[in-house]
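Okay, structure first, notes after.
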Amino acid sequence: MRGYANPGRKESEEILYGRLQAREWTINTGRTKQQTTTETYTWMAAVCVITSSRLSIFRRQTWLTIMQTT
Numbered sequence: 008m009r010g011y012a013n014p015g016r017k018e019s020e021e022i023l024y025g026r027l028q029a030r031e032w033t034i035n036t037g038r039t040k041q042q043t044t045t046e047t048y049t050w051m052a053a054v055c056v057i058t059s060s061r062l063s064i065f066r067r068q069t070w071l072t073i074m075q076t077t
């Protein structure tokens, strides 16, 4: 860890670096980081919902099959 004469300087450098990275991301992808994060979480939620509904249908069908065969 480097020592700074002014501790606030390190924070401001990190903020500027973060802004620079965010700007590069927007230029490269055409989307802001917030948009990308929101889209990613939306897709993840959709996949979870679809998977869980498919699993519940599969379980129900399996249960019905077991009940019919006995």
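Residue numbering for the sequence shown follows the working numbering, beginning at 8 and increasing consecutively. No residue lacks a Cβ here, since even glycine has one placed at the ideal position from N, Cα and C. Only a predicted model underlies this, so the values are computations on that prediction, with no experimental measurement involved.
| Asked | Found |
| --- | --- |
| In angstroms, rounded to a whole number, what distance separates the CA positions of Glu-20 and Ile-34? | 21 Å |
| Measuring only the C-alpha atoms, how far is Thr-45 from Thr-72? | 41 Å |
| Using beta-carbon positions only, say whether Trp-32 and Thr-39 come within less than 9 Å of one another. | yes |
| Keeping to the same chain, check which residues put their C-beta closer than 6 Å to that of Ser-60; ignore five residues upstream and five downstream. | none |
| Within the same chain, show all residues whose beta-carbon is closer than 8 Å to that of Ala-29, passing over the 5 residues directly before and after it, in chain order. | Thr-39 and Lys-40 |
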